[in-house]
Amino acid sequence: MAKITMYTTAYCPYCMRAEQLLASKGVSEINKIRIDTDPAEREAMMARTGRRTVPQIYIDERHIGGFDDLAALDRAGGLEALLSN
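Heads up: the sequence shown begins at 1 in UniProt numbering, then just goes up one per residue.
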């Protein structure tokens with residue numbers, strides 16, 4: 001199973017939806033990086049992704065983007081292949 005990393009905050013509905021989608025695909029472990037409790041992590045996320053919003057999701061080292069990007073990848077049939085690596 002691929003390694004999932006997600007930049008997140010405590011009360012982010014899109015983060016929760018991303019977690020639910022990943023769980024429905026069999027993902028049981030997500031490395032969550034809370035940017036609301038650590039300003040340095042927010043800066044690191046923005047430098048790494050070029051984005052300011054959460055969630056920001058990585059599958060292994062591939063930046064997927066936010067929830068909408070993850071859902072679009074799933075609809076296009078590409079999510080399961082990335083997760084199975």
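Just so it is clear, CB atoms sit at the ideal spot from N, CA and C, and this is done for glycine as well.
- Annotation: the continuous alpha helix (DSSP H) that includes Y14 extends over 13 to 24.
- Taking a contact to require three or more Cβ pairs closer than 8 Å, the region 67 to 85 and the region 8 to 25 qualify as touching.
- Cβ contact annotation for S84 (same chain, cutoff 6 Å, sequence separation greater than five): none.
- Apart from sequence neighbours up to five positions away, the residues of its chain that approach R17 with a beta-carbon distance below 6 Å are F67, ordered along the chain.
- If you draw a straight line from the Cα of H63 to the Cα of A10, it is about 21 Å long.
- Under the DSSP assignment, R75 falls in the alpha helix (DSSP H) whose first and last residues are 67 to 75.
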